[in-house]
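Engineer: Below is the structure I would like to discuss, written out as structure tokens.
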Amino acid sequence: MLGFLLRLLPFWVREPLLIAIGSVLGVRIMYLAVRDHDRVAAGLGMVFLVFTAIRVYGVVRALRARRNPAPETSADGPVVDAAAHVQAQAQAQVGAGQRPGPDTPEKEPGAWGQAVAAVAVVGALAAALWVAPRVMPSDENTPQPASCSGGEHEELPKAYKQTPQPVTGEELCQALNRPDLAKLLGTPGETATTASGTSNTAPLTDGKVAQPEAEVTFDTYTVNVSATYNELTTDQYVKLMKFGDETDIKTLTVLDRPAVLSSDHTMKLEINLGSGGSGGPVEQGPLARTLTVALDRKDRGGYCDITVWSTSGALPDDSVLLDVAEKVLPAIPERPAR
């Protein structure tokens with residue numbers, strides 16, 4: 006039905022319409038083929054571009070036919086080639102030392118040359134569409150990475166005023182929510198779904214120990230960073246780990262600071278918002294891997310925890326935690342000497 010309607014259209018309406026459709030579809034399909042490395046799509050896009058080139062060649066021939074009408078037969082019978090006659094006059098003028106008049110037709114490029122030029126234009130459009138997504142902002146349909154929730158104007162607890170150079174939850178979130186965080190985690194194609202930072206105090210300290218925290222969530226992994234400004238050294242912290250449930254403990258040095266790697270299970274809590282609002286018991290969640298680093302090189306007390314886990318229970322290599330630490334720790338001022 007569509008083909009029948011197209012055949013009803015006049016030539017000078019139908020052909021430009023087919024050229025426009027073929028160009029748009031061909032360029033778009035070729036762009037998707039290059040982006041996805043799809044050979045089938047590349048072949049289909051080439052078919053549309055060849056179809057468009059053939060249409061362009063047909064239009065060029067029609068234009069040339071209109072500019073140079075076919076030879077007419079005179080009343081006496083002989084055939085008169087108007088174009089040849091004009092060309093003979095022009096040659097005679099040049100031979101006589103005269104310049105061709107303003108009405109002398111100039112030599113135009115051949116039909117094949119114009120068709121090749123049209124294909125080159127289509128190729129240039131394809132290249133522009135391929136480069137545009139890399140230099141232009143993404144469209145509105147592309148999911149944008151989550152930004153840190155605004156907490157910069159919240160009133161800080163007293164513990165932050167009593168702690169020299171403490172980092173806030175907002176500052177931790179800005180340091181953690183990096184554009185290359187997904188790449189560091191080994192999932193470069195993912196986008197952060199949530200990002201938050203809070204300026205809390207450590208539990209069981211009566212609000213006397215500052216403990217800012219930040220968390221960024223992806224589809225695969227969740228990363229949590231916290232800084233605890235207490236008097237506990239890393240060596241003392243390792244001794245406490247051996248009495249707890251932490252496993253796979255490994256001591257090391259990160260940015261010239263003492264550090265330790267450990268594993269522990271997260272907690273899983275289900276809350277029923279239905280009738281009664283009762284919740285299920287606290288259960289053991291997936292395994293998490295934590296890198297604990299001292300807040301200063303001399304290990305005067307206090308530490309930073311960088312924890313990674315996933316709902317599936319899969320964990321990245323320890324090198325991922327080290328890479329994240331090397332990016333985040335410089336944003337946390339070292340604890341000054343007391």
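Be aware that the sequence shown starts at 6, since it is given in the working numbering, and climbs by one per residue.
For each residue, glycine too, the CB sits at the ideal point set by N, CA and C.
Since the model is a prediction, treat every value here as computed from it, not as a measurement.
Less than 8 Å between the C-beta atoms of VAL259 and LEU327, yes or no?
Structural biologist: Yes; because the gap between Cβ atoms is below 8 Å, this pair is in contact.
Engineer: Taking the alpha-carbon positions, what's the GLU176 to THR227 distance?
Structural biologist: Using only the alpha carbons, I get a separation of about 18 Å.
Engineer: Does the Cβ of ASP211 have 16 or more other Cβ atoms within 10 Å, making it buried, or fewer, making it exposed?
Structural biologist: With fewer than 16 Cβ atoms within 10 Å of its Cβ, ASP211 is classed as exposed.
Engineer: Please report how far the alpha carbon of GLY27 lies from the alpha carbon of TYR36, in whole angstroms.
Structural biologist: Cα to Cα, the separation comes out at about 14 Å.
Engineer: Quick check: the Cα distance between ALA319 and THR222, rounded to an integer number of angstroms?
Structural biologist: Each residue's Cα considered, the two are about 15 Å apart.
Engineer: Let me know if SER152 comes out buried or exposed under the rule of 16 or more other beta-carbons within 10 Å of its beta-carbon.
Structural biologist: The residue is exposed, with fewer than 16 neighbouring Cβ atoms inside 10 Å.
Engineer: Using 7 Å as the cut-off, classify the Cβ of THR222 as near or not near the heavy atoms of the ligand NAP, replying yes or no.
Structural biologist: Inclusion of the ligand NAP in the displayed structure is not the case, the ligand content being empty and no account of it being possible.
Engineer: Which residues bound the alpha helix (DSSP H) around GLY48?
Structural biologist: 44-72 is the span of the alpha helix (DSSP H), which, as asked, contains GLY48.
Engineer: Please report the distance separating the alpha-carbon of PHE56 from that of ALA47.
Structural biologist: Cα to Cα, PHE56 sits roughly 14 Å from ALA47.
Engineer: Quick check on DSSP: helix, strand or coil for ILE254?
Structural biologist: Of the three classes helix, strand and coil, the one that applies to ILE254 here is strand, per DSSP.
Engineer: Looking only at C-alpha atoms, which of MET246, GLU218 and VAL214 sits nearest to TYR344?
Structural biologist: This structure cannot settle anything about residue 344, because the visible part of the chain is limited to 6 through 343.
Engineer: Which class does VAL329 belong to by DSSP, given the choice of helix, strand or coil?
Structural biologist: It is helical.
Engineer: For GLU195, tell me which candidate among PRO184, THR203 and GLY202 has the shortest Cα-Cα distance.
Structural biologist: For the residues PRO184, THR203 and GLY202, the minimum Cα distance to GLU195 belongs to PRO184.
Engineer: Go ahead and pull the three-state DSSP assignment for GLN149.
Structural biologist: GLN149: coil per DSSP, three-state reduction.
Engineer: By Cβ distance below 6 Å, which residues in the same chain neighbour THR203 in space, the five residues on each side in sequence not counted?
Structural biologist: So the list reads GLY174 and GLU218, once near-sequence residues are dropped.
Engineer: For THR271 and PRO291, which I take to be in contact (beta-carbon distance under 8 Å), what is that distance rounded to the nearest angstrom?
Structural biologist: The pair is a contact, with the Cβ atoms about 6 Å apart (cut-off 8 Å).
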